[in-house]
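K.L.:
Supplied in structure tokens, the structure appears directly below.
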Amino acid sequence: MIAIDVLPSDTAAWADVILPNSTYLERDEPTLYGNGVNHDLALTTRYAAIDPLFDTEEIPDILLEMTRILSGEPDRLLEWVEAMTGMPAAPVRAAWERLRAEGAPSPFTHACREVSFRLSAERAGTTSAELDRVLRERGIFTEQPREQVLEHAAMPRRLPLPTGSGRVEYYSSLFDSLRGMGAEGPHFSVLATHIPARCRDNADMAAPLGADEFYFTYGKTPTVSYASTNSNNPVLAAVNRFKGGTYTGIWIHPDRAARLDIVTGDPIRLTNTRSGQTATGHAYITRLVHRDALFIYSSFGAENPALTRSHGLGTATNKLVPYRVEPVVGGFRSQEFTLRVQKLDNSGGAA
Amino acid sequence: MTRYAMVIDLNTCVGCNACMAACAMENQTPVWKDRWRTYVHDKEIGTAEEVHRRFFPRLCNHCDNPPCLTVCPTGATYQLDNGIVLVDDELCMGCRACAMACPYDARYEVTFADIERGRDFYGDLQRERPSMDKCTFCAHRLEQGLEPACVQTCVGSARMFGDLHDPEDPVARLVASGVARPLLSHLGTRPNVYYIGDLKRRG
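Protein sequences, first through last, are from chains A and B.
According to my numbering, the residues represented by the first sequence are 62 to 412, in order.
According to my numbering, the residues represented by the second sequence are 3 to 205, in order.
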């Protein structure tokens, strides 16, 4: 098992080989990209704030080397990158060979970046150097302000809907093509189809929940990144401690908690009624959660003691979510079950 | 003469805590013992079924009539002409009277042990002496023409900083309009941190 990570994460603890990745602070991103939700048509990218502290490597260079080891044909990766992203393989290869000959660090990553800058600059009618200067100064490079974008791209007056007919279609030609490739079942219906929710094997959604039974929902904290790459940061860990049970507790509505004789801070065990998976944690009683649901922040629950500031804090959602994959987008069906809550005594046994 | 003040818009605070992190890094506060110059409460408010989550940033209010200053027996706590309340750590004897007097819970203790820990935590520690520490409105950044760290980092632009004595300053206008109001004004502390309450639910 191979793990690519910036921290001694729970996954890294199981890995036979760890390929240490540079952190976002040490990284020039391999491409330019759009600037998120802003309506202006603009470009941005990330610049390394510091040189790498350790002998770490960028993801594209790791993938290229792994391709070489596995297949002996590193060009295949460049072809796939072109097919998936449009980044042309030939100039990337030329830049990569030149940077490698010069002994540059992470030559493949920087080759992708160089070509991305060149193509973006050509499209914007400027030079790579000017694009770089503006990005370093302002953080974004505006290609077109939103007023101009809307002049030619506003839907529906300027631009027809992005369907085959340019009009509203209730038939999905995409799903039709997927069915033609072998996709089956109601999730791939070519027409809008209602698929009834199901959280219990032997009861439909209308059947009442047991006194100790809850639906499950979860969310993100602003202090832990999506991939938990900052979970051992000392200041952010201190913020998490300041927030206490709000962040690291299991949210239960007071009306339901009272019936189970549970108060804030009580140790509890959660059991998935479909998969039998269990996890423990501490109750946080709040009216901010629905009476029928438990809520957990998914940022916590790391178990690797090498994560000195975050291990043992909170409850890991991945101990409760079973391996059931939603067939269209491939995500986990992370809420299609119920949980039973059991109060524990201080020794960890049932209270 | 400049009179510094902060307005915090509770409608646009998203509870991201970036202010806490930015302040901690800028001012090297002893976060390992859960002491902060600024912090964001995370509270549920309302009654019955009308319950909302409220993020509520707090910091020293840099009062015109600061109780922490009047009770300070050594003169360590002092006030600049621009309103900023500071602590001279050469004079502070750590008696904690300021912490007891402050109604905004804005003073905390930095000990010799914290300084030792801080050297390990932050690396190049700026502080050499203990004191009853507090927010300075980032006076050292203001001298360089920069905003306080918490204001500059605020993603929701919930924190605004300005001069109450400049009638054109947006902060002064918000305060003059009455939409931004101070905390515990009945105590007579005349604070210089103002809050814009929940406009949506207040109507």
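Backbone N, C-alpha and C fix where the C-beta goes; we use that ideal spot for every residue, glycine too.
(1) Taking all protein chains shown into account, decide if G205 of chain B is buried (16 or more other Cβ within 10 angstroms of its Cβ) or exposed.
(2) Would you please verify whether the beta carbon of V229 of chain A is less than 9 Å from any beta carbon of chain B?
(3) Between the segment 75-89 of chain A and the segment 132-147 of chain A, do three or more beta carbon pairs fall short of 8 Å?
(4) Where does G147 of chain B land, buried or exposed, given buried means 16+ other C-beta within 10 angstroms?
(5) Taking the alpha carbon of K136 of chain B as the reference point, which residue from B:L185, B:Q81 and B:R55 has its own alpha carbon closest?
(6) Determine the DSSP secondary structure at G205 of chain B, reduced to helix, strand or coil.
(7) For T128 of chain A, which three-state DSSP category applies?
(8) Name the residues in the segment 101-112 of chain B whose C-beta lies less than 7 Å from a C-beta of chain A; which are they?
(9) Mind listing, in chain order, the continuous alpha helix (DSSP H) runs of no fewer than 4 residues lying wholly within the segment 58-98 of chain B?
(10) What residues of chain A sit near F123 of chain B, judged by a beta carbon separation below 7 Å?
(11) Quick check on D200 of chain B: buried or exposed, where buried means 16 or more other Cβ atoms within 10 Å of its Cβ?
(12) Measuring straight from C-alpha to C-alpha, what distance separates I63 of chain A and A165 of chain A?
(13) Distance, Cα to Cα, A172 of chain A vs L160 of chain A?
(14) Below 9 Å between beta carbons: does that hold for V73 of chain B and M102 of chain B?
(15) Output the boundary residues of the alpha helix (DSSP H) element that contains T146 of chain A.
(16) So is P169 of chain B buried or exposed if we call it buried at 16+ other beta carbons inside 10 Å?
(17) Taking all protein chains shown into account, do 16 or more other C-beta atoms lie within 10 angstroms of the C-beta of S408 of chain A, making it buried, or fewer, making it exposed?
(18) Beta carbon of V382 of chain A, beta carbon of Q338 of chain A: below 9 Å?
(19) Which residues, taken in chain order from the segment 48-69 of chain B, show a beta carbon closer than 7 Å to some beta carbon of chain A?
(20) Beta carbon of Y41 of chain B, beta carbon of G164 of chain B: below 9 Å?
(21) Check each candidate in A:A73, A:A109, A:V78 and A:D77 and name the one with the smallest Cα separation from E90 of chain A.
(22) Return yes when the Cβ of A185 of chain A is within less than 9 Å of the Cβ of F202 of chain A, no when it is not.
(23) Please report the distance separating the alpha-carbon of F57 of chain B from that of R385 of chain A.
P.N.:
Straight from the coordinates:
(1) Residue placement at G205 of chain B cannot be trusted, given a pLDDT of 48 that sits under 50; the coordinates are not used to answer.
(2) no
(3) no
(4) exposed
(5) B:Q81
(6) The predicted model places G205 of chain B with a pLDDT of 48, which falls under 50 and marks its position as unreliable, so this point remains unresolved.
(7) helix
(8) none
(9) 69-72
(10) P295
(11) exposed
(12) Pairing I63 of chain A with A165 of chain A, the inter-Cα distance amounts to about 26 Å.
(13) If you take the alpha carbons of A172 of chain A and L160 of chain A, they lie about 7 Å apart.
(14) yes
(15) D136 to T146
(16) exposed
(17) exposed
(18) yes
(19) V53 and R55
(20) no
(21) A:A109
(22) yes
(23) 36 Å
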